[in-house]
Amino acid sequence: MYSLRQRDNRRSLTERLLLYMLPGLAVAIGALLGLLTSDHVSPVLVVLTALVMVCGFAVPPAVDALSDRVSRRALHQQLLAHRSDTAAAQRAEQLRSHFHPRGRGILPSLVREGSYFMGRLRVLRELVDWINGAGLDVAWSRVVTGAPGSGKSAVLGRLVSLADAGQPNEVLATAPAGTRPPVGSISMAVHVRGHTADEVAAEISQALAIDEGTCSGLLAHLREDFEHRSTVVVVDGVDEAADAHRLIIDLLEPLAAASERTGIRLLVGTRRGGEDHLLRLFGASALVLDLDEEQYLDRRDVAEYVRSTLLADPDPQVRTPYRGRPALAEKVAAAVAARAGSSFLVAQLTALSLMGSDEPVDTGSSGWAATFPTTVGAAMDRYLGDVQPGGPWLRDLLMALAWSQGDGFSDPGTWAAAATMLGTAAYSERDVTRLLLDSSAVDLLHRSTHADRVAFRLFHEALGEYLRQLSTRQRPAAEVHRRLADILLEKLSSSSLDERDWAHADRYTRTYLPFHAGEGQVLDQLLDDAGFLAAVDPARLLTALPTTRTGSGWRVARIIQRVGQQLLVAPEDERICYLEMAAHMAGDVRLAGELAATAPDRPWSVLWARWDALIESRMLGHHDDYVLAVDTVETARGIVVLSASAWGIQAWRLADGEPMVTGVREPDSRILNMATFRQGDGIAIVTLHEDGHLLRTTPDAVDPQRILAEDRAPNGVWSLDVAGQSAVATVSRDHVVEVLSVRDGHVLDLPPVAIGREDQVLVVDNVGGRCLAVVSGNSGDIKTWDLTTGRPLSEPLHPGVHMPGWRNDTRFWAASLAERQDGPVLLLGTTAGQVIAWDPVRGEIVGDPHHGDAGVFTTLVTGHDNDLWCWGDWNGNLFMRGAAQEEVRQLAVHDGGVQSLAQCELNGARLLISGGRDGAVRAWNIQAARPAASVGDHHSVVTGVDSTQQGCIASIRAGGSLVIFAADGGGVLAELRRSAEEGFRSAAVVPGDPRSFVTLDRQRHITLRVFPDGQASHEFQLASDEEWSSIAVMNRQRPLLLVTATSGRLGFFDLATCDAVRPSLACHTGRFMVAPLPEQTDEALRFITCDWECLQARLWNVRSDETRHLDLPVRRMDNGDPVSISAVSFGHIGDLPVAVGACAYSRLHIWNTEDGSLMIDAQLEQAHHMALADVDTTQIGRQSLILSGGHTCSAVLWSAESRREHHLRVGSPLWSTRFLPGKRAVVAGPRGIMVLKLGSSLLSRFEHP
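As numbered in numbering that gives the first Met the number 0, residues 0 to 1248 make up the sequence shown, in order.
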């Protein structure tokens, strides 16, 4: 949209131009005078004078631009510094409360100054050698494991403490030889109890001075922008994380796998997990050190630790009945250690209990040594029995902490209420104070301080497990969690209104209420409360959503999951915006309104949306990139689903969704494709990489990865069975289809099949006992080869012959093979949306081809008799049709294109697994899937007003109909339906007449229409000698209609008289778009054209006697090709008229329309290099704001002045983006159309610093 210039903007530009021009002018005049007064004028002097003049004009703007860049960087550095300071404070608190106490062998709450750490010398020395880079497998990370209480945290705490520059010299001096790591060798240490994977990633990022807050962001930064830096990161308590599986799979294992490249090595502390499942998730990326193994355990260390604790020599102020009695302490310690075994925790609790007694143990009594505990539970019982003042009240208060999450309770009222619910009496905050101030049982607590908040939990998870086990004897765990949820909700109850005061919810409630409600099976009751959705932590909410049990709960869960990735990465104040957007997408206007009411001043909002709802499906997982391939493998543990994206493979057990280790994360080169096999009881994964390597990964093997082949073409990899041998088909760099053994990579003895340099193998599969390969030729032909004979099956498919109306620029993108009763069948998908079934033996088309509106990415033949044809398109829709030519079912399954399909059977139900360009991997039942009417697929949008000045939006849908919406509320004002043969192709606004717009249909009718009902006021038909494709209206005294033809010619018509005002102009040689400049003169017609085939952009100046064009500068990529330009809009930067082009690879071009120069070539940094499809400009205050969208799946806002960008991540492609009056915007694409409102807090982010 063209915007009028603002007075303040002109003034600002004038001031800046004066600042630029005056110094330059002064220098130029001085240089010129010097030249004129010189006695000897030489060519060198002339050149030097010219250079001085140029520098005089060029330096000020260059300095200004550099200053702007430095200013923006300084602001960014200030933000990073603030985050770094906050993170440093958090790390310091963890050192104080967790690592340092455990490194000294004391409880976190004990007031002791000495160190009581004993033993573990061998594991300490091995780890110090590893930190120093000595020994074998130095690049591998290390995982320290062992039973509860074995001292994992103590070992890690010891190393962290000794590497801390703040430790006293005497502590360092007393460390045994070889157990002291270099000071500063450990970059950071984090205790991850209750943390999500993204929270841990954020902490690591901040410690490494990286501006990322998620696992994917950190990994991407390390992959793209991180220089190798040798450092060690300690991560303790992994088994106590919010989701230990996700933490390892999404973050720790990829970090460990990439350590050789990045230099970042992990030192991890965790329990084994049932059947060692947590350790197995690390695969071969880390070396496990088990503290329970004899080589690392000297039982004398436990006795020495107890003896030292009983004597308390380093702390003379501590009361103990064993002080000054070393022989007695040694005897008692030996007995305690004999009972405690390898558990330092049992020994520690027993020693503390003995110290609390008035008298030492009577070692002369019968059986005295047998009274010492052997388990954590028994040790805790003894401790509570000896502590004073004691009693049931103490156990009840500790029981409440056992059920708390994260750092525990910070509100004494909540703590007391939980103890009342779980215990034997009613408790108050006074009882909590009594425990904290008057009881030595405070030694069992871990105290955390964050700002002005102090929280308490049990100091060891083993104590919590014991107390929870006791508690569940009285009531089920689900009931405990339900009651805890009720307690948290009761605190929010308002006395005056029947609603909850979410604005005053404390940190614990916001973070852990979703967990308690989910475990308590009452989450469904909260999901309908907008205040709850707006207040709670999104990561915990997403984790809890699978616990929903009712239809209404599932409905809201799907709404939240649709924007789940956005919630995790968006700024905190935008989370409510995404929830509101998701509610509008689902058509839940009530929920959207209630969410909006919780944050009236949110950065942006959705005023209305007409959007496709996705079908009911099960979300298995999510990649942060396109899903390239999905597959299923039936193993001894059940069906496993695998999915591949560019930088990793993910896997889940289909039965319960449990994630599994794949061993393929953060490879050295981008993944292009994947094939999978069953191997024994496990899986083998073969991946093709961008560098030509073909890798085989066996996740559970000792040496899990090996190179099968090199120099593979980037064509694909397909699994095969050749005479009972597992094999893969690939294409060599010499363009030969080869079949390789999965076992060792040798090429099987099959006839070579050579293909053309430009040919593409679409699929290779076993069909009817043969190995067939389907090859798409450069001419578009399809040939099916039998790889066992090296010969084609029959004559190729010649689409130009077999398919009437076939366009030569159409290509085949997808193919699948299957065996039917009468032989093999191919299901082919094209770039233009056609789906063709082909019999490669008979050489004939099977049934009627399907003609769709969007390119087909993937096809699949399924069903018990291979009688169901499925295909997915780039809009995210999946289509199903029976082979008997039944009606096509359309299902909205993804927000981005359906990239890959797989099938399997579970419990008698046939399931489809789909992977999308939205990164999601979904599973759904074929029989239960119900199609819904699509409201989306909007391709072209024009805006205007009706006779009452109410805003209107007209949009052309893919089927050819035109819908007119009220801009304010989204109501449908009119719908003009047309058949596919007569459908609308293009629409354009009439400059100067906002009530009118023009349409072009497939029958070449040009119609002038009026808002709001689209009634025709004038119509004529173009000549049939051209295929007319798009229109635009030029702003002149008599509006001039410009019409593009697929031949590359441009027609000029008087809109009022329908007459051609001049002969058509040959602008290009193929399809192109035209955009007339908003300001025209009487003498010339000025417009820009962009050719989508030859990738040209031209600025035209057409006069009655002369036609000239200027080729606009266009950015060229590394391969020398110019970027394609999809759309052009016009506006101003200051007083300068400009054209803005939306380009491929997420680039924006800004040209000066006065001389055609390229002023700005901007690369959007957060758009993943995806193509932009549309662009618009407006002026808001002093900002020249640009709105764009496309395959970025976001509405992109970009400022020409500050060069800042911001993405409103819609989740699906956008084909049209337009600004509306009132700081609004309309965006439309394959999933629907919506109107956004841009808030002041969002717009302020673009202001020039």
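Glycine included, C-beta positions come from ideal geometry on N, C-alpha and C.
Asked, Found
"What number of angstroms, rounded off, separates the C-alpha of Ile682 from the C-alpha of Ser186?", "37 Å"
"Three or more C-beta pairs closer than 8 Å, one from the segment 974-990 and one from the segment 1026-1039: is that the case here?", "yes"
"Can you pull the DSSP bridge partners for Lys782?", "Val774"
"Would you kindly work out how many angstroms separate the C-alpha atoms of Glu1026 and Met802, rounded to a whole number?", "20 Å"
"Please list, in chain order, all residues of the same chain as Leu1256 whose beta carbon is under 6 Å from its beta carbon, the five residues on each side excluded.", "Nothing in the structure corresponds to residue 1256, since the chain is present only between 0 and 1248."
"With H, G and I counted as helix, E and B as strand and the rest as coil, what does DSSP make of Val345?", "helix"
"Quick check: what's the CA-CA separation for Arg141 versus Val741?", "31 Å"
"So Pro320 and Glu358 are in contact, right, with Cβ under 8 Å, and what is the actual spacing, rounded?", "6 Å"
"For the alpha helix (DSSP H) holding Gln524, just list the boundary residues, first then last.", "Leu522 to Leu526"
"Return the chain-ordered list of same chain residues with a C-beta closer than 7 Å to the C-beta of Arg1244, the five sequence neighbours on each side being excluded.", "Arg1203 and His1205"
"Out of curiosity, what's the CA-to-CA distance linking Gly851 and Phe811?", "14 Å"
"Contact check, Leu825 vs Ala813 under 8 Å by CB: the rounded distance?", "10 Å between Cβ atoms; not a contact."
"For the beta strand (DSSP E) holding Thr230, just list the boundary residues, first then last.", "Thr230 to Asp235"
"Can you give me the start and stop residues for the beta strand (DSSP E) that Leu1109 sits inside?", "Thr1106 to Asp1110"
"Counting only the same chain and skipping the five closest in sequence on each side, list residues whose C-beta sits under 6 Å from that of Gly1140.", "Ile1124, Val1127 and His1148"
"Alpha carbon to alpha carbon, how far is Ile1030 from Ile963? Give it in angstroms, no decimals.", "19 Å"
"Please determine, among Asp442, Gln347, Pro1075 and His1067, the residue with the shortest C-alpha to C-alpha distance to Leu1094.", "His1067"
"Which two residues bound the contiguous alpha helix (DSSP H) that contains Asp430?", "Glu428 to Asp437"
"Taking the CB atoms as reference points, tell me whether Thr788 and Val773 lie closer together than 7 Å.", "no"
"Please return the same chain residues whose Cβ sits closer than 7 Å to the Cβ of Arg10, not counting the five positions on each side in sequence.", "Unreliable positioning characterises Arg10 in this predicted model, as indicated by a pLDDT of 43, which lies under 50. A coordinate reading is not provided."
"To the nearest angstrom, report how far apart Gln759 and Ser775 are at their CA atoms.", "5 Å"
"Determine the direct distance from the alpha carbon of Asp312 to that of Glu112, and round the result to whole angstroms.", "11 Å"
"Anyone know if the C-beta pair for Ser1255 and Trp1091 falls short of 7 Å?", "Past the boundaries of the shown model lies residue 1255; the chain is included only from 0 to 1248, so the question cannot be answered."
"Among Gly799, Leu671, Pro180 and Val1209, which residue has its Cα nearest to the Cα of Asp611?", "Val1209"
"For Asp1263, does the count of other Cβ atoms within 10 angstroms reach 16, so buried, or fall short, so exposed?", "Residue 1263 lies beyond the stretch modelled for the chain, which goes from 0 to 1248, so this question has no answer here."
"Going by other Cβ atoms of all chains shown within 10 Å of its Cβ, with 16 needed for buried, is Gly1220 buried or exposed?", "Rather than Gly, the amino acid found at residue 1220 in this sequence is Pro. Classification for Pro1220: exposed."
"To the nearest angstrom, report how far apart Thr1045 and Glu198 are at their CA atoms.", "53 Å"
"Mind checking Gly768: buried by the 16 CB within 10 Å criterion, or exposed?", "exposed"
"By alpha-carbon positions, which one of Leu653, Ser204, Leu687 and Leu120 ends up nearest to Pro666?", "Leu687"
"Have a look at Phe1051 and Pro1136 and give me their C-alpha separation to the nearest angstrom.", "24 Å"
"Look at the alpha carbon of Leu1235 and the alpha carbon of Asp224, and state the distance between them as a whole number of angstroms.", "34 Å"
"So for Arg456, helix, strand or coil by DSSP?", "strand"
"State buried or exposed for Thr861, treating a residue as buried only when at least 16 other CB atoms are found within 10 Å of its CB.", "buried"
"Check the C-beta distance from Leu290 over to Val127 and give it rounded, since I have them as a contact under 8 Å.", "No, Leu290 and Val127 are not in contact; Cβ-Cβ is about 16 Å, not under 8 Å."
"With the cut-off set at 7 Å, would you say Arg271 and Thr144 are in Cβ contact?", "yes"
"Using C-beta distances below 7 Å, list every residue in its chain close to Ala454, excluding the 5 sequence neighbours before and after it, in chain order.", "Asp406, Gly407, Phe408, Ser409 and Ser447"
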